[in-house]
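Everything on this sheet refers to the single structure shown next.
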Amino acid sequence: MMKKQPTLEQAMQRLDEIVKQMDDGGLPLEDALKLFEEGTGLVRLCDGKLRDARLKVETLSQGLEPKPQEVSEA
379 MMKKQPTLEQ AMQRLDEIVK QMDDGGLPLE DALKLFEEGT GLVRLCDGKL
429 RDARLKVETL SQGLEPKPQE VSEA
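Just add 378 to wherever you are in the sequence shown, counting from 1, and you've got the numbering used here.
Have a look at this one:
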């Protein structure tokens, strides 16, 4: 069974938790590396979601921009 991907907001919240844990220090090296690995995966996930959203906005916005009216010569 595939694990459901977190939403952008969930991923950002988890990243915030990871940063706080790592900033607090005192983690064994192995735990810090696991958190770092999880964090880099979440960064990639967020980046992909943001790119997809940007592409969708750009696609939906096409054709909505007003076109300059042609000036007719009299």
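Beta carbons are placed, not taken as given, at the ideal position from N, Cα and C, and that holds for glycine.
By the Cβ-count criterion, residue 428 is exposed, with fewer than 16 other Cβ atoms from all chains shown falling within 10 Å of its own Cβ.
Counting C-beta pairs closer than 8 Å gives three or more between the region 386-398 and the region 413-433, which meets the contact rule. About 23 Å separates the Cβ atoms of residue 389 and residue 438, ruling out a contact at the 8 Å cut-off. For residue 407, same chain residues with a beta-carbon under 8 Å away, outside a window of 5 residues either side, do not exist.
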